[in-house]
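Contents: one structure, followed by commentary.
Number of protein chains: 2
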Amino acid sequence: MTFPVVGMVGGGQLARMTHEAGIPLGIRFKLLSDTPQDSAAQVVSDVVIGDYRDLETLRAFARGCDVITFDHEHVPTEHLRALEADGIPVRPGPEALVHAQDKGVMRARLDALGVPCPRHRIVSDPADVAAFAAEGDGFPVVLKTVRGGYDGKGVWVVDSAAEAAEPFRAGVPVLAEEKVDFVRELAANVVRSPHGQAVAYPVVESRQVNGVCDTVIAPAPDLAESLALQAEEMALRIAKELDVVGHLAVELFQTRDGRVLVNELAMRPHNSGHWSMDGAITSQFANHVRAVLDLPLGDPRPRARWTVMANVLGGDYPDMYSAYLHCMARDPQLKIHMYGKDVKPGRKVGHVNTYGDDLDDVLERARHAAGYLRGTITE
Amino acid sequence: MTFPVVGMVGGGQLARMTHEAGIPLGIRFKLLSDTPQDSAAQVVSDVVIGDYRDLETLRAFARGCDVITFDHEHVPTEHLRALEADGIPVRPGPEALVHAQDKGVMRARLDALGVPCPRHRIVSDPADVAAFAAEGDGFPVVLKTVRGGYDGKGVWVVDSAAEAAEPFRAGVPVLAEEKVDFVRELAANVVRSPHGQAVAYPVVESRQVNGVCDTVIAPAPDLAESLALQAEEMALRIAKELDVVGHLAVELFQTRDGRVLVNELAMRPHNSGHWSMDGAITSQFANHVRAVLDLPLGDPRPRARWTVMANVLGGDYPDMYSAYLHCMARDPQLKIHMYGKDVKPGRKVGHVNTYGDDLDDVLERARHAAGYLRGTITE
Numbered sequence: 001m002t003f004p005v006v007g008m009v010g011g012g013q014l015a016r017m018t019h020e021a022g023i024p025l026g027i028r029f030k031l032l033s034d035t036p037q038d039s040a041a042q043v044v045s046d047v048v049i050g051d052y053r054d055l056e057t058l059r060a061f062a063r064g065c066d067v068i069t070f071d072h073e074h075v076p077t078e079h080l081r082a083l084e085a086d087g088i089p090v091r092p093g094p095e096a097l098v099h100a101q102d103k104g105v106m107r108a109r110l111d112a113l114g115v116p117c118p119r120h121r122i123v124s125d126p127a128d129v130a131a132f133a134a135e136g137d138g139f140p141v142v143l144k145t146v147r148g149g150y151d152g153k154g155v156w157v158v159d160s161a162a163e164a165a166e167p168f169r170a171g172v173p174v175l176a177e178e179k180v181d182f183v184r185e186l187a188a189n190v191v192r193s194p195h196g197q198a199v200a201y202p203v204v205e206s207r208q209v210n211g212v213c214d215t216v217i218a219p220a221p222d223l224a225e226s227l228a229l230q231a232e233e234m235a236l237r238i239a240k241e242l243d244v245v246g247h248l249a250v251e252l253f254q255t256r257d258g259r260v261l262v263n264e265l266a267m268r269p270h271n272s273g274h275w276s277m278d279g280a281i282t283s284q285f286a287n288h289v290r291a292v293l294d295l296p297l298g299d300p301r302p303r304a305r306w307t308v309m310a311n312v313l314g315g316d317y318p319d320m321y322s323a324y325l326h327c328m329a330r331d332p333q334l335k336i337h338m339y340g341k342d343v344k345p346g347r348k349v350g351h352v353n354t355y356g357d358d359l360d361d362v363l364e365r366a367r368h369a370a371g372y373l374r375g376t377i378t379e
Numbered sequence: 001m002t003f004p005v006v007g008m009v010g011g012g013q014l015a016r017m018t019h020e021a022g023i024p025l026g027i028r029f030k031l032l033s034d035t036p037q038d039s040a041a042q043v044v045s046d047v048v049i050g051d052y053r054d055l056e057t058l059r060a061f062a063r064g065c066d067v068i069t070f071d072h073e074h075v076p077t078e079h080l081r082a083l084e085a086d087g088i089p090v091r092p093g094p095e096a097l098v099h100a101q102d103k104g105v106m107r108a109r110l111d112a113l114g115v116p117c118p119r120h121r122i123v124s125d126p127a128d129v130a131a132f133a134a135e136g137d138g139f140p141v142v143l144k145t146v147r148g149g150y151d152g153k154g155v156w157v158v159d160s161a162a163e164a165a166e167p168f169r170a171g172v173p174v175l176a177e178e179k180v181d182f183v184r185e186l187a188a189n190v191v192r193s194p195h196g197q198a199v200a201y202p203v204v205e206s207r208q209v210n211g212v213c214d215t216v217i218a219p220a221p222d223l224a225e226s227l228a229l230q231a232e233e234m235a236l237r238i239a240k241e242l243d244v245v246g247h248l249a250v251e252l253f254q255t256r257d258g259r260v261l262v263n264e265l266a267m268r269p270h271n272s273g274h275w276s277m278d279g280a281i282t283s284q285f286a287n288h289v290r291a292v293l294d295l296p297l298g299d300p301r302p303r304a305r306w307t308v309m310a311n312v313l314g315g316d317y318p319d320m321y322s323a324y325l326h327c328m329a330r331d332p333q334l335k336i337h338m339y340g341k342d343v344k345p346g347r348k349v350g351h352v353n354t355y356g357d358d359l360d361d362v363l364e365r366a367r368h369a370a371g372y373l374r375g376t377i378t379e
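Protein sequence lines, in the order shown, are assigned to chains A and B.
For the first sequence, the UniProt record's numbering assigns the number 1 to the initial residue and increments by one for each residue that follows.
For the second sequence, the UniProt record's numbering assigns the number 1 to the initial residue and increments by one for each residue that follows.
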């Protein structure tokens, strides 16, 4: 056995940070990227430029890889089955990944497992949305295309049947869900290996602004231990039942009446786990690599009392580098993670991590740095 | 100002780990490497294959770089001056770097600064070595070629003039030094930026086996605070007086009579600082990048009570990867850093870091992992 080749499909920031985490392991990392300018393509040695939607491109890329894993969930399921038929391990495999690709499949499976979810069903047109609303507490209702949505895209909150026309225009099945009365969003991150070892990171609180993750606090403050345990066990059970290999993020609603409901699943390193790069003994990226290689997993426990991750979004100023001077001088413990992306307003171009014993201080430092880099804070 | 390009000369493991540390900063990293198989060339996107001893190769490489820095100290001084004349910042600069290249120049400068060193002088032949011995406590005497030695190479310990012929054969000036009666070796690591900001890492103990660094303990156990402070101040003063930019490692002898004497200087990230990758708030590699870019430096303080680094040397078994299974399963907190090098007996191919509150435990875990990877421990 020699050092294996991990093939990563997709050149985004998750691939970039997975490469960073793989370097110390001495493994070979091969990237399939849309363009040479993609986030990960800028920092990886062995890059193939090509379209993951093309099966022959994928097949050619996979030759010489010991395992294939993903920066995103958009590779067609039938392509993944073809790679498996070629004898290439695909992790997570297509039968697991479909639950992160198709929200209809995901909801049906979680229902079958008895995992608590928001009330939901597939709807066929605006009149059917009105019927779904009437079956429960009425409007508002959340509508989601079952495939293709992320960061608030492909998601609508509608107050009437008249507002519900838009989601049906794409011709993709539409899932209706109750608008959950939640007090906050949580995420349970777990990593599972092919032979079934699994580790759970502490449950985190994820704060959204305009449908995009703004801040993550690890661990989630003031979370009852019983609820934390329930969320961790739920994530571990989903990972096992769905045969997930690699990182699984379970996004959760904490309801006003003290329950946790599953919002979304992601089967790859996830924004809600970025805190682990500086805040955990083993980062989500390092553990994802270990999992897909079927190596023993690393300790997921936190290294600090509190760790806060704040996403850096693009603002009006294209030059974020010059903001480093102030941010680094102000906070010598600040951890900046930039993705090599062009700045566009609202685009996730990086994140910062801070950690320490005092949550207010740790939060303030993360928010200040993210705001200063974006240009919304100027002192 | 946009994200800068750091040009790294040399494709060894220090370049590899500097790239790893630079990824989160979003900078561009360009590598000049001897071969595509070199440690860093395996993991960097933008690689030029060429010979750093050829000025035109260096010049072509430097075009488009915002700053040049180094994996090693072997680039000829006159080449560095030529790059500076071309307007490319070279960090550390040639006037600083010569002190890490030429042990004769280094000793003369440290003498002028009043920095305590072992008794020493340049010697011309074996008879002169005998004279040098007679001027002090006699044999043994340490002989070093002033250029080109590392890890015990280019260093001889001789017990008589008759044994002293070998070092003179290369035609390079030879430095004679007293064999210091030391109780242990220490290292003071500091990083300095062009505008003069500097940070000091805690002084570490470095344990050698057969002239090669085996283990580093951070901080050095049972080191009197006054001596630690003296060593840190000495390193900061040397960095300032020699106008070092980037990382400076000052290797020290702690003598039986309670003094610290300078053994060697290295002006690049250094083996004695590898512990900082997992044990300090900011690693030596991250701070080296920040320094050469004249960014504010990161906090060098330790994150754990004790951190131990153990070098992984090549043994009789070429396949280290299969040893990961046992090492990772035994110690989920273990940090492995492999360099992508072919295993050859005695060659440094990686290191491991461990940290925690109990030094005996931390030492045992590091030694076990390094020994198991090498193949000298089999259970």
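We treat Cβ as the ideally placed atom computed from N, Cα and C, and that holds for glycine.
Computed from a prediction, not measured in an experiment: that's the story for all the values here.
Taking the DSSP output, what are the residues bridged to residue i?
i, result
"residue 376 of chain B", "Per DSSP, none; premise fails for residue 376 of chain B."
"residue 213 of chain A", "A:208"
"residue 49 of chain B", "B:33"
"residue 336 of chain B", "B:352"
"residue 192 of chain B", "B:198, B:246"
"residue 311 of chain B", "B:351"
"residue 184 of chain B", "B:254"
Name, please, each residue of chain A whose Cβ falls closer than 7 Å to the Cβ of residue i.
i, result
"residue 44 of chain B", "45"
Among the options, which one has its Cα closest to the Cα of residue i?
i, options, result
"residue 336 of chain B", "B:379, B:274, B:286", "B:274"
"residue 14 of chain B", "B:46, B:43, B:71, B:304", "B:71"
"residue 42 of chain B", "B:259, B:163, B:11", "B:11"
"residue 141 of chain B", "B:157, B:127, B:55", "B:157"
"residue 189 of chain B", "B:163, B:245, B:177, B:304", "B:245"
"residue 172 of chain A", "A:153, A:147, A:52", "A:147"
"residue 257 of chain B", "B:89, B:182, B:201", "B:182"
"residue 54 of chain A", "A:83, A:109, A:304", "A:83"
"residue 316 of chain A", "A:373, A:52, A:265, A:224", "A:373"
"residue 203 of chain A", "A:235, A:193, A:178, A:197", "A:235"
Using C-beta distances below 6 Å, list every residue in its chain close to residue i, excluding the 5 sequence neighbours before and after it, in chain order.
i, result
"residue 206 of chain A", "185, 187, 213, 216, 272"
"residue 199 of chain B", "191, 297, 300"
"residue 48 of chain A", "32, 61"
"residue 24 of chain B", "none"
For residue i, is the classification buried or exposed, using 16 other Cβ atoms within 10 angstroms of its Cβ as the cut-off for buried?
i, result
"residue 2 of chain A", "exposed"
"residue 195 of chain A", "exposed"
"residue 86 of chain B", "exposed"
"residue 35 of chain A", "exposed"
"residue 284 of chain A", "buried"
"residue 63 of chain B", "exposed"
"residue 73 of chain A", "buried"
"residue 58 of chain B", "buried"
"residue 101 of chain A", "buried"
"residue 322 of chain A", "exposed"
"residue 159 of chain B", "exposed"
"residue 56 of chain A", "exposed"
At 7 Å on the CB atoms, spell out the chain B contacts of residue i, in chain order.
i, result
"residue 303 of chain A", "303"
"residue 333 of chain A", "281, 299"
"residue 274 of chain A", "Correct list: empty, because the minimum Cβ distance to chain B is about 11 Å."
Kindly list, in the order they appear in chain B, the residues whose Cβ is closer than 8 Å to that of residue i.
i, result
"residue 378 of chain A", "Residues of chain B passing the Cβ test: none, with the nearest at roughly 17 Å."
"residue 20 of chain A", "20, 23, 24"
"residue 16 of chain A", "23"
"residue 350 of chain A", "26"
Take residue i and list the residues in its own chain whose beta-carbon comes closer than 7 Å to its own, dropping the five residues that flank it on each side.
i, result
"residue 125 of chain B", "168"
"residue 351 of chain A", "274, 309, 310, 311, 312, 337"
"residue 133 of chain B", "139, 141"
"residue 21 of chain A", "283, 285, 286, 289"
Listing by chain order, which chain B residues have their CB less than 9 Å from the CB of residue i?
i, result
"residue 296 of chain A", "324, 325, 326, 327, 328, 329, 330, 332"
"residue 336 of chain A", "24, 25, 26"
Using a C-beta to C-beta distance shorter than 9 Å, which residues of chain A count as neighbours of residue i?
i, result
"residue 339 of chain B", "26"
Under 8 Å between beta-carbons, which chain A residues line up against residue i? List them in chain order, please.
i, result
"residue 41 of chain B", "45"
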